[in-house]
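Remarks on the structure that follows.
2 protein chains.
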Amino acid sequence: MVIRDTSHSVKDTATQLCTDEVCYQSCEQCVSRHVSMCSVLEDAELHTIADISKTIETKAKQQVCAEGEAAEHLFNIKKGCIRISKMLADGRRQIIGFLFPGDFFGLACSNGYSYTAETITDAELCRMPRSEIIAKFSELPALGEKVLNITHTELQKTQDQMLLLGRKRAKEKLVSFLLNIWHKSPASETNADHEIYLPMSRSDIADYLGLTIETVSRQFTQLSKDKLISITENQFVKILDLRKLERIASGE
Amino acid sequence: MVIRDTSHSVKDTATQLCTDEVCYQSCEQCVSRHVSMCSVLEDAELHTIADISKTIETKAKQQVCAEGEAAEHLFNIKKGCIRISKMLADGRRQIIGFLFPGDFFGLACSNGYSYTAETITDAELCRMPRSEIIAKFSELPALGEKVLNITHTELQKTQDQMLLLGRKRAKEKLVSFLLNIWHKSPASETNADHEIYLPMSRSDIADYLGLTIETVSRQFTQLSKDKLISITENQFVKILDLRKLERIASGE
DNA sequence: CGTGCATTTGACCACCTTCAATAAAGGTGG
DNA sequence: CCACCTTTATTGAAGGTGGTCAAATGCACG
Chain E
0 MVIRDTSHSV
10 KDTATQLCTD
20 EVCYQSCEQC
30 VSRHVSMCSV
40 LEDAELHTIA
50 DISKTIETKA
60 KQQVCAEGEA
70 AEHLFNIKKG
80 CIRISKMLAD
90 GRRQIIGFLF
100 PGDFFGLACS
110 NGYSYTAETI
120 TDAELCRMPR
130 SEIIAKFSEL
140 PALGEKVLNI
150 THTELQKTQD
160 QMLLLGRKRA
170 KEKLVSFLLN
180 IWHKSPASET
190 NADHEIYLPM
200 SRSDIADYLG
210 LTIETVSRQF
220 TQLSKDKLIS
230 ITENQFVKIL
240 DLRKLERIAS
250 GE
Chain P
0 MVIRDTSHSV
10 KDTATQLCTD
20 EVCYQSCEQC
30 VSRHVSMCSV
40 LEDAELHTIA
50 DISKTIETKA
60 KQQVCAEGEA
70 AEHLFNIKKG
80 CIRISKMLAD
90 GRRQIIGFLF
100 PGDFFGLACS
110 NGYSYTAETI
120 TDAELCRMPR
130 SEIIAKFSEL
140 PALGEKVLNI
150 THTELQKTQD
160 QMLLLGRKRA
170 KEKLVSFLLN
180 IWHKSPASET
190 NADHEIYLPM
200 SRSDIADYLG
210 LTIETVSRQF
220 TQLSKDKLIS
230 ITENQFVKIL
240 DLRKLERIAS
250 GE
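The listed protein sequences derive, respectively, from chains E and P.
Counting from 0, one number per residue, gives the positions in the first sequence under numbering that gives the first Met the number 0.
Counting from 0, one number per residue, gives the positions in the second sequence under numbering that gives the first Met the number 0.
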C-alpha cells in the first residue's frame, strides 16, 4: 500500500503508514463508468480492466503518492477531492491541480511520479498498474485515443493556469479560480443557485494561485465587501454578480 | 495560407498577410524524420503522411496561427524557433513555450487554437490537416501512442513551468530558463563550451517567466556581476558556474 | 551619420509578502 | 455540553521584490 497518513504533520508532509484496506469491486456500478477513460470501453473490455483494478478508500489528508517515487500505479478518482503538488528544495509548494471524481492521475509519469498526490477529503480511488494500462493501448486503440483526448484537455487547462500564474493579479487569480471550480462542480450540487463548495483550505488555494494565505483571505474579504460574492461558511461561496466576475477573471 | 507578417507592429500582433510559398517535399530527408512523431512510422506509412503534408517557409516574426481561430492544421517544426502565447483582454501576454525543430503544435486544439504561434527566427514548418492526422491514430496505433507519450512529456514540462511561475523568484526563474534552454540545445551547437544561444528577445523571455523586461535585464546583469554567467553578445550567454546555477534554479 | 528599436540603468512606487496578533472553527476529553 | 487546545482564517502594520515610468546607451540599418 502506498497511502500515508499526513494529517498530524506540519504542512501535511509526514509519511506515517496507514492501513486502509483494498477491496475488489465491480466496475459496472462505478461512478466513473460512463465518464473519463472508462467510458470508451465495452462491457467485455471493462472486465479486463476490472481484473487489474483495486478500489482504495482513504481518509482526508493522506498521501497517495510522492514526487520522485517509482510510478507503479495510475489512480482514477471515484469519490472525494485530491490535490497534486510539486515542491522546491526549501519547501515552497505549488499545487498543480485539484482533482475530482472522474479525473485520474499518475499516467504521465514515466520517470517516477512528477508530483505528490494527497487527499483533501475522504476519498475513494480506483488503482491500476500503469504498465498494464499502457500495454492495453495497443490492444484497445479507443482507450489510447480517449486518454490522448483527456491529456490534451489537461494540457490546455495547464496552459490557462500558466497565463493565470504569470500574468494575473491576486484578485483576478482568485476570481478565475472560483469560476473554474464553479464550472466543474456538478449541476446537482449547489450549482443552480450560484453556490460553490470549496473542499480545499485557504492554504491550498494560495499554493494553487501562487499567493500567500493572507492575500487569498484579503481578496475574499474584498470581493465580499464589493458584493461580488458572499461567504456563508468558509467552504461555501455564493456568486452574486457573475457578469462582473467573468470580466475580472478575463483581465478587463 | 495562414502566415501573417507581424514584424512592423506594436508588440508583434498585426495581421498583414504575407505570401510565402507552399511546396511539397519528401519526408525522407526531413530533419524530423527520426525524431518526434514521425519516428514511429514505417517508410510506407510515411508516404501517407507526406501526401497530406506541405512544407512552409516563413520569415521571422510571422504569425502562424492565432488564438481562437479554427484549428485546421497541425505544425511540425523543421527549422527555426517558434513562440506559443496566450493573451489577456488588456494585452498582457504569457508565453507558453518556445518550440524548436522536432517539436510540433496545433494538435491539442479541438475548439480552435488555444494559443497564438509566431516565428521568432526564419523557420520551416511542416503543415498537415489536423483531422487527417487524428484519423490516422486508429489506423496507425503506434502513431497515437507516440503522440500520447510526447504529450505526456509536454504536460510534465508545463507543470514544471507552473512551479516556476507560481513559486520562484526572479533570479531563480531566469536561471531555470537558461539551464532549460541549455539542456535542450543540440550538443552540436555551442553546448560543449557551456554557451547558450537565445534566439528570443528579452521581452519574450520576460513574458515566458512572468516578469518585465526590466527585471529580466537586471537579473542578467546581476548574474553577470556575480560571475555565474558571461554575456558575449545579447543572444549568447556562457555558463560560468553550472553547479551554483543549478542550486539557484532548484530553489536552495 | 542619423533614425528606430532593443536593452540597460536609475528612481520611485505598488502590490503582495512577511511578521504578528486576533478571531473563528474544529476536535477531544472531562 | 462545555472547557480546553489546536488548527485555520482574518486583520493590521511594516517591508521588500518586482513593477512602472523615464532616460540613457547600444546596435542595426539605411
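Note that CB positions come from ideal geometry on N, CA and C, so glycine has one too.
A quick note: this is a predicted structure, and the numbers were derived from the prediction, not measured.
query	result
Lysine 183(E) lies in the alpha helix (DSSP H); which residues open and close that run?	169-183
Anything in the region 119-135 of chain E with a Cβ closer than 9 Å to a Cβ of chain P? List those residues in chain order, please.	Ile133
Can you name the residues of chain E whose CB is closer than 8 Å to the CB of glycine 250(P)?	Leu87, Ala88, Asp89, Arg91
Just to confirm before moving on: does the CB-CB distance between methionine 161(P) and leucine 73(P) stay below 8 Å?	no
Excluding sequence positions up to five away, which residues of its chain have a Cβ less than 7 Å from the Cβ of tyrosine 114(E)?	Glu66, Ile83, Ser84, Lys85, Ile95
Any idea if threonine 231(P) is buried or exposed, counting beta-carbon neighbours within 10 angstroms, 16 or more meaning buried?	exposed
Return no unless some Cβ of chain E is closer than 8 Å to the Cβ of glutamate 117(P).	no
Can you name the residues of chain P whose CB is closer than 7 Å to the CB of threonine 150(E)?	Leu147, Thr150, His151, Leu154
Determine, for glutamate 232(E), whether the minimum Cβ-Cβ distance to residues of chain P falls below 8 Å.	no
Compare the C-beta of threonine 157(E) with all C-beta atoms of chain P and state if any pair is closer than 8 Å.	yes
Which bits of chain E does leucine 164(P) rub up against, with CB to CB less than 7 Å?	Met161, Leu164, Gly165, Gly209
Select from the region 29-50 of chain P all residues with a C-beta closer than 8 Å to any C-beta belonging to chain E, and list them in chain order.	none
For leucine 269(E), which residues of its own chain have a beta-carbon under 7 Å away from its beta-carbon, when the five flanking residues on both sides are left out?	Residue numbering for chain E in the displayed model covers 0 to 251; residue 269(E) lies beyond these limits and cannot be assessed.
Output, in chain order, the set of chain E residues within a Cβ distance shorter than 7 Å of isoleucine 95(P).	Gln158, Met161
Please list, in chain order, the chain E residues whose beta carbon lies closer than 8 Å to that of glutamate 66(P).	Within 8 Å Cβ-Cβ: nothing; glutamate 66(P) doesn't reach chain E, min ~11 Å.
Can you list, in chain order, the residues of its chain with a C-beta nearer than 8 Å to that of cysteine 29(P)? Leave out the 5 residues immediately preceding and following it.	Cys37, Lys77, Cys125
Taking the alpha-carbon positions, what's the glycine 111(P) to aspartate 225(P) distance?	46 Å
Are any of the Cβ atoms in chain P nearer than 8 Å to that of alanine 70(E)?	no
Could you work out which residues of chain P lie near alanine 107(E), taking near to mean beta carbons separated by less than 7 Å?	His151, Leu154, Gln155
Under 8 Å, Cβ to Cβ, is there at least one residue of chain P near glutamate 144(E)?	yes
How close, in whole Å, do the beta carbons of valine 215(E) and leucine 173(E) come, if the pair is a contact with beta carbons under 8 Å?	6 Å
Is it right to say aspartate 206(E) is buried, meaning 16 or more other beta carbons lie within 10 angstroms of its own, or is it exposed?	buried
Take threonine 211(P) as the anchor and find which of Arg92(P), Thr54(P), Val34(P), Ala134(P) has the nearest alpha-carbon.	Arg92(P)
Counting only runs of 3+ residues fully inside the region 127-172 of chain P, write out the beta strand (DSSP E) ranges in chain order.	none
Mapping DSSP to helix, strand and coil, what is glutamine 234(P)?	coil
Residues of chain E with CB closer than 9 Å to the CB of serine 137(P), please, in chain order.	Pro140, Ala141, Glu144
Closest to serine 31(P) by C-alpha separation, out of Phe99(P), Ser229(P), Gln62(P), would be which residue?	Phe99(P)
Would you report the Cα separation of lysine 237(P) and histidine 193(P), rounded to the nearest angstrom?	6 Å
Take aspartate 42(P) as the anchor and find which of Leu139(P), Val146(P), Asn233(P), Ala122(P) has the nearest alpha-carbon.	Leu139(P)
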